[in-house]
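Written below as structure tokens is the structure these notes are about.
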Amino acid sequence: MKDLFIQLKAILEYKIIEVSNYSFTLYHIFLFVGIILVVRLLVKAMEMFVRRKVSGKEWIDEGKQFAIIQIMKYVMYAAGIIIGMKSIGLDITVLLFGSTALFVGLGFGLQEAFKDLVSGVILLFEGNVQVSDVIEMDNGIVGVVKVINLRTSKVRTRDGIMMVVPNSELINRRVVNWSNSNKLTRFHVTVGVAYGTDVEKVRDLLLEVAQKEDTITTRIPSFVRFSDFGDSALIFELHFWSEQVWRIENTKSNLRFEINKSFQQNKIQIPFPQRDLHIISDKRKTED
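All residue numbers for the sequence shown refer to our numbering, where the first residue is -11 and numbers rise by one.
See the structure below:
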């Protein structure tokens, strides 16, 4: 048994790297990995504890809960790496100063990656964009934020496509956060009717259609705006308020179906651009 311990000690003390007065052994590897595994277990326990404590609380939503867990997770991992490095005898300050030139070189080569990392930290601390928020990016894509990591975020679109978005785009580009605004948001549907139509009747029919749609709130009255005299139509806008931001396109579609049906029943025409061609005969050719 004693010989076994001696052999085991010799294996653990086997020097993999030796620089000046420092030697890196197998024991150091096992110690560092062990510390990281313990930190990983502590992170999992922390995550379960936080979720259990804040679950069902009105003062914290899913987005804030996710941000708190992510920030604590990154702090714990950073602390674990520092403790692990100190435990195996590495002086982290000397390591940082000695690697300054390397970091500068990496900084120039990985500028975009570092920008995304900083943006991820800003997103988690500021909370302008959070998990479960419905956002609209400047390219017109609407989606729900599912995950915010340090460098990238995942956004699921209405088509079910999971997009990986660099965090810098959520910070530097124009992003509309529908969830950060009032729960009730105003939308509108545009429709044109033929010239000569009774505009008062059009307004009444549009309001009647809005009242029948379940996803439109009655707390704030809908209204109709006579917006313009078009080239071939009188243009009206039906404005309404709804909390169904994610499914608002379905609401607009339902309104258009009902508007079309109501106009057909009341003999109101929805015009379309058309051209009249008049053929003028040349009398000189007839006389010849």
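Yeah, the Cβ is synthetic: ideal placement off N, Cα and C, and Gly gets one too.
- Under the DSSP assignment, Leu30 falls in the alpha helix (DSSP H) whose first and last residues are Leu14 to Val42.
- Under the DSSP assignment, Arg144 falls in the beta strand (DSSP E) whose first and last residues are Thr140 to Thr145.
- Per the coordinates, the alpha-carbon of Glu188 lies some 23 Å from the alpha-carbon of Arg207.
- No Cβ-Cβ contact shorter than 7 Å links Arg144 with Gly128.
- By DSSP's assignment, Arg191 forms no beta bridge with any residue.
- In the DSSP assignment, Thr239 falls within the alpha helix (DSSP H) that extends over Ile236 to Gln253.
- Pairwise C-beta distances place the stretch 185 to 204 out of contact with the stretch 142 to 162, as fewer than three of them are shorter than 8 Å.
- Annotation: the continuous beta strand (DSSP E) that includes Phe217 extends over Phe211 to Phe217.
- The same chain holds no residue with a CB closer than 8 Å to that of Gln99 once the five nearest residues on each side in sequence are set aside.
- Spanning the alpha carbons of Leu138 and Asp104 requires a straight line of approximately 7 Å.
- Here the alpha carbon of Leu194 sits roughly 7 Å from the alpha carbon of Leu226.
- Selection Glu196, Glu114 and Ile70 evaluated against Lys249 yields Glu196 as nearest (Cα-Cα).
- Take Ser11, set aside five residues on each side of it, and the residues of its chain with a beta-carbon closer than 6 Å to its own are Lys3, in chain order.
- Cβ-Cβ distances below 8 Å link Asp121 to Gly51, Val132, Val133, Asn165, Trp166, Ser167 and Asn168 in the same chain, with the five nearest sequence neighbours on each side left out; the list follows chain order.
- In the three-state scheme derived from DSSP, where H, G and I count as helix and E and B as strand, Ile4 is classed as strand.
- DSSP, reduced to helix, strand and coil, places Val106 within a helical segment of the structure shown.
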